[in-house]
Each structure stands twice: as structure tokens, then as C-alpha cells.
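First comes the structure, then the notes that go with it.
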Amino acid sequence: MKKNNKARTKRAKSKDSVFIIFCFITAVLLFVLSNPNFLITKGISILGWFIYLPVLLIVRKSRLRTVWLTGGLYGALSYFLLAYWLKNYDPFCLYPVLIFYFVALALLFLLLKLTDMLFVRDAWIIQWLIICAYEYLKTIGFLGFSYGVTAYTQWNHPAIIQVSSLIGVYGFNLLVIFPSCVIYAIFRKLKERKQIIYMMETDNNFYECKTHVNYVSEYDKKLKQLGLKLTMFGAAVWVCVFVIIIIYGKTVIKREGALIGGNTSGNTGSNGKAVKIALIQNNEDPFEDGVNVYRKNIQKLMALTDNALELTPDIDFVVWPETAVVPSIEYQYYTHKDESRFKLVKSLLEYIDSRNPVFVIGNGVKSLDKESGKPVEKYNSALVFTPGKNVLPPHPEVYNKIHLVPVSEYFPYEEYFPRLSSLIMKHETNMWTPGSEYTVFTKDSFNYSALVCFEDTFTDIARKMYLNGSRCFINLSNDSWSKSEACQYQHLANAVFRSVENRVPSVRSTASGQSCIINQFGQIEKMAPSFCETYIVGEVPVISSDRKATLYTRYGDVFGYGAVFLALALLIMRLIIVIIIAIKNKIKSKK
């Protein structure tokens, strides 16, 4: 009998191991394929609704002492396949990401398992909140990284994502993650109910009299714990909400889109005016260096700009990508320390001053010490030149990038981690200083702001720009180092939501892609092909400065930190209850 039990247990463990491996592979594939990836550039968005289903099945089947390791491996492998392109910049940049997500997902899986053990009934609801809280928390702070947030898998479905103007991407994230959790709950409860009923039927002959009553009572209790009422109610509510958000999205696009098209201000904030913008994509190699390379790139940028102006003479704005001009324009012009760079900068300024449009250019700005005249701070900046006003001598309007790329652009903990800092400096010699001002530029009645590089992946930066008066986001990026269309589309997926959340248009001038014009509904109106020298010209509506802000813009990421607060509060409350019950049981046992 004992041998049979051991054999049965061994088979069950083996079966569980195979199931966990299957779910692990499925979970990684769902995560990677639902996002823009190296196989399918735009991703398979429908998979995004089920990303966490196999994750929760793994957590359920795994033991407490091993679940963290499974989670860590899942995190590292998933983000290696998602953000593999980081190695093209420097493998050193990929390692911190893999380590971070190994630790983060190890902790997440462990917390999900503890939640499963603490909550006898409907642990899936708390697990849903925990997952949403994790996806919000991973995007904030120095190491904040928005790539991989589940909601972004839906970037290419304008009707569905319009609700983000009310609840933001993290409110929408609650809706996208919910199906994984509720389907898991239904599947698990049905399976476990079936097992209990089967056991009651097959073992019925072994229980008699009082023992039988106790047996039936115990399993009736378990069946009640596996009740489906709340779960099915949750599923029904989600279906209703999903239908409502589609109707809402289509209605908003149709109604407000018609108002804009009809040059009627209405609730859109558009006064019928528009500006023409040329977005230049120069397809440069960021790893090439030297004055001759810089000259060649600038000549290419000027040639593409002239082509655009020749076909469309009434262009109002020309936008060049992030660090499109490498020599620091003001520093080289005023210090005159390098003759070849001075001449290059001077010829560029003369070119800009001879044209009509306003130029928005990516450039590194050096802040000089007044006494020594030496550069003390370097900023990754966007410069705004208005011909005839601030070009010669150069006194451009400036925005300094606020959220720098961790490790590769900025490391603020040199004092605490000197060895790590020196190791970073061996790999990254071009470190920047973070900016602090949410600058808004104005040309006539057109108010706009520059978001440099991956700043358009962060909700708070775009929101603060809007609150400061911006009504159009101009993104300057250089993702050419990645040599990956997947990377560029992952970046684009984030940018789309910034337009929807704040209900303003965005334009993106990138070195190699994805240069595009995004309207206030997150629809891509024009986009340049990847990895080629080209440009696009399009019109962007002028949004009134007194246009009423969206619900999201007014209240921000309340659903993000709301998920964090609720998850923490419910976990703490349940933990207190469990401790009280344990103490009471201990006192009873002593009596």
C-alpha cells in the first residue's frame, strides 16, 4: 500500500513538473509575442489579454521554496527576448535589466504564492491587484522601464485605448490583465471542484456514521470555498465594461474626429488652425565619430530638409532627431576651442537662419563655469531656433532631458557605489546631467514641448508638460543603435498612449524609426519606413491653451498607485487576521 502511495506521489510530482515547464514556455511566448518583437514587428495584441494565465498556473502548482526561482528565470528570459536589442548598444546595459527582472519577478511570484496560501477564497482578485501594482511600480524611479507593461500590447487598437483619456494606461492595464486572472480562477475552481466531487463519490464506501458526516461536511466546506458566483460575476462585469469601452472609443473618435475635420472647436480644443511640420529621419550610425562624420550627417540633414521645403515651402517647423548635431552648438560657437567644429557649427547656424521654419534640433548642451570657462555640466537637449531671432549669434530656447537612461546616461549613486560607478564609467564616458524644468515652447498660438528619447514612455513627464501648457508633444529619438525594428515599435507603442491620455497630437523625429505623426486619438496618420534616409511632412492641429484637460491629465496615475495601496492594504489585513486566528488556536490547544 505504501509503495503504491509513493509511486502515485512520484507520478503526480512528475506530472506537475511537466505542467510547470509547459506553462513556463507558454508564459514567456505570450509575453514576448504580444509585444512588438523580433518575429512579428507589431506584436500579436490578442495574446496580451492572457499573458498572466500561465503565470498564475505556475504559481498554483509550484512549491513555496521553488516558486521564486521559476519567477526569476521567467523574468530574466522574458526580458532578454523582449529587450535583446540592448546588447547592440553595449552588453553591459543588458545585464542590469536581466538582473533587475530576475529579482523583481522572483519577488512577484513569491508574493503571488503567499497570497494564494493566505486567501482561502478568491485569492485571484488580490493576485490581480498585485500584478497591476507590480507593473506600475516597475516604471517609476531611477530604474523605471515602461517596456513590457501589458496595456501597451493594445497600442494598435485606437477604439479600445480611448478609455485611457479617463483612466490612464494603468487604469486600462487593470482591464487588460483581468481576463488572465478570471480565466485562471474559473479553470482552477472547476478543476478542483471536479476532483473533490470525484473523491466524494469514489471514497463514499469507506466512510460511515459520524465519520461520514464529518467527511461530507469537510468537503462541502471546500466546495463552498470554490464557489463560482463572485468569479462569474467578475467575468460578466468585465465583459460589460469591455463592450462599453469599445462603444465609448468609437463614439469619441467619430464625434471629435468629425469636429476637428469640420474645423469646429467643440470639445476637441481645436480652433481650426494647423501647423505644418517636417520630421527628418537621417538614419545615422551613432557609433561613428569624428568631425568628418558629424559634417556628413549635418549635410545629410540639411539635404533632407531642403527636399521637404522644396516640395512644401510653407512648412512651419522642422524637427531633427535626438543628438542629430553632435558638437555642442553654443559651446563650440562661443569658446572657439576647435576650429573645425566651430566652422561646422557656424555653417549650420547660417543655414538655419537662411530658412523660414522654426528648427527643433537634438544637441548636447554644455554648461560653462563662469570663472574657468570650462564645461561643468552636459545636458541631452532639444534646441529651438527661430530664424532671424535667436540663431546668429546662437541663443536658442532649450529643453534639457529630465529622465535620463539609467546606467548608460546617468548614475546618481557614485557616492554609495564607487566601484560600480567606476565600472560604469569604463563603459559609458558620455554621461549627462538631468534637467529639471518642464519647458513649454510657443510659436504664435501653438504651444508644444519636446520629449527626448524614451521620455515619451513615462506618463508623468507628458502629463506635467500638458499641465504647463503644452498642446503637442514633439519627440526626438535615436534608437538606431538598437538595429531593431522591434525596439522602435516598442517605443512607438508607449508614445501612442501619451497622445490618448492627454488628448493631444504627437510627432516623432527619429534617427532610424519610427518617425511619425500621431493624432490625439492615438492613430498614426503618417509614418516613415524604418532604417532609411527620409522625411515626412504633415499637419498638426493647434489645440487651444484653455482646452479642458482630460480626466486622466487632471488626476494622473490614480489607478496605478490605487492598485498598490489596495493590494498592500488587503494583504496586511489578511495577515493580521491569520495571525489572530493562529494565536486563538494556540490558546485553545493549551486549554
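If you're matching positions, the sequence shown starts at 5 in the working numbering and goes up one per residue. Each residue gets a CB set at the ideal place from its N, CA and C atoms; glycine is no exception.
Ignore the nearest five residues each way along the sequence and tell me which others in residue i's own chain have a CB closer than 6 Å to its CB.
i, result
"T443", "Y403"
"V330", "Y298"
"W159", "A497 and V500"
"S622", "Residue 622 is absent from the model: the chain starts at 5 and stops at 595."
"E288", "N301 and A515"
"A312", "A282, Y539 and V541"
Please report the distance separating the alpha-carbon of residue i from that of residue j.
i, j, result
"V508", "I478", "11 Å"
"G381", "V247", "A quick correction: the sequence has Glu, not Gly, at residue 381. Their Cα atoms are separated by approximately 52 Å."
"I165", "T255", "12 Å"
"L575", "I200", "28 Å"
"V71", "L115", "10 Å"
"L308", "F421", "45 Å"
"V32", "D342", "52 Å"
"K603", "R67", "Any answer about residue 603 is impossible in this case: the structure gives the chain only from 5 up to 595."
"G47", "E441", "35 Å"
"L118", "A80", "22 Å"
"V364", "E314", "19 Å"
"D94", "F415", "16 Å"
"N296", "L348", "10 Å"
"K19", "G231", "26 Å"
"M469", "I55", "33 Å"
"G566", "A573", "10 Å"
"T327", "E354", "19 Å"
"Q131", "V243", "20 Å"
"S269", "G276", "Reliability fails at S269, whose pLDDT of 39 lies under 50, so the model's placement of it is uncertain and no value is given."
"A240", "A110", "32 Å"
"I602", "S510", "Beyond the ends of the chain as shown, which are 5 and 595, falls residue 602; an answer cannot be given."
"S412", "F113", "29 Å"
"P391", "I251", "47 Å"
"F176", "P183", "12 Å"
"I144", "V562", "14 Å"
"D483", "D126", "44 Å"
"I547", "A278", "9 Å"
"P26", "R64", "The sequence shown places Phe at residue 26, not Pro. When rounded, the distance between both Cα atoms is 14 Å."
"S486", "F291", "11 Å"
"D293", "Y383", "19 Å"
"C185", "L480", "38 Å"
"D120", "I591", "26 Å"
"S453", "L133", "34 Å"
"I583", "K594", "17 Å"
Please list, in chain order, all residues of the same chain as residue i whose beta carbon is under 7 Å from its beta carbon, the five residues on each side excluded.
i, result
"G52", "S38, T154, T157, Q158 and V180"
"S549", "N451, G473 and R475"
"K193", "L230, L232 and T235"
"H216", "Note that H216 scores a pLDDT of 49, beneath 50, so its modelled location is shaky and nothing firm can be said."
"H161", "S49"
"S534", "E489, Q492, S516, G517 and Q518"
Give me, in chain order, the residues of the same chain whose beta-carbon lies closer than 8 Å to that of residue i; leave out the 5 immediate sequence neighbours on both sides.
i, result
"Y83", "V101, L102, Y105 and G152"
"L170", "T554, L555 and Y556"
"I465", "I406, H407, Y442, L455 and E459"
"F28", "P58, I62, T74, L77 and Y78"
Applying the criterion that 16 or more other CB atoms from any shown protein chain within 10 Å of the CB defines a buried residue, is residue i buried or exposed?
i, result
"Y539", "buried"
"H495", "buried"
"C213", "Any reading at C213 is ruled out, since the residue's pLDDT is 49, under 50, leaving its predicted position unreliable."
"P410", "buried"
"F146", "exposed"
"E558", "The sequence shown places Arg at residue 558, rather than the Glu named in the question. Looking at its Cβ environment, which holds fewer than 16 other Cβ atoms inside 10 Å, R558 is exposed."
"N360", "exposed"
"N589", "exposed"
"V388", "buried"
"T316", "exposed"
"F586", "Before going further, note that residue 586 is Ala rather than Phe in the sequence given. Per the 10 Å Cβ criterion, exposed."
"N367", "buried"
"V22", "exposed"
"V124", "exposed"
Using a Cβ-based criterion (distance less than 6 Å to any ligand heavy atom), does residue i qualify as near the ligand FMN?
i, result
"V508", "Annotation note on the ligand FMN: not contained in the displayed structure, which lists no ligands."
Against chain D, does residue i count as a neighbour if the rule is that its beta carbon must be under 7 Å from one of theirs?
i, result
"H495", "Among the protein chains of the structure shown there is no chain D, as only one such chain exists."
Cβ contact (3+ pairs, closer than 8 Å) linking the segment 516-531 and the segment 97-106: They do not touch, by the three-pair rule.
Stretch pair the segment 133-146 + the segment 497-506: three plus CB contacts closer than 8 Å: No, the segment 133-146 is not in contact with the segment 497-506.
Runs of beta strand (DSSP E) wholly within the segment 309-337 (minimum 3 residues, chain order): Residue ranges of uninterrupted beta strand (DSSP E) with 3 or more members, entirely inside the segment 309-337 and ordered along the chain, are 321-323.
Contiguous alpha helix (DSSP H) assignments of at least 4 residues, all confined to the segment 403-435: If we require 4 residues or more, the alpha helix (DSSP H) runs fully inside the segment 403-435 come out as 422-431.
Cβ contact (3+ pairs, closer than 8 Å) linking the segment 76-95 and the segment 482-495: These segments touch.
Within the segment 20-97, ranges of the alpha helix (DSSP H) (whole runs, at least 4 residues): The qualifying runs are 57-65, 68-86 and 90-93.
Start-end ranges of the alpha helix (DSSP H) lying completely within the segment 91-164, minimum 4 residues: With a minimum length of 4 residues, the continuous alpha helix (DSSP H) runs that stay inside the segment 91-164 are 95-122 and 127-141.
Length at least 3, wholly inside the segment 464-526: the beta strand (DSSP E) runs in chain order: For the segment 464-526, whole beta strand (DSSP E) runs of length 3 or above, ordered along the chain, are 477-481, 510-514 and 520-522.
Start-end ranges of the alpha helix (DSSP H) lying completely within the segment 554-585, minimum 4 residues: The segment 554-585 contains these whole alpha helix (DSSP H) runs: 555-559.
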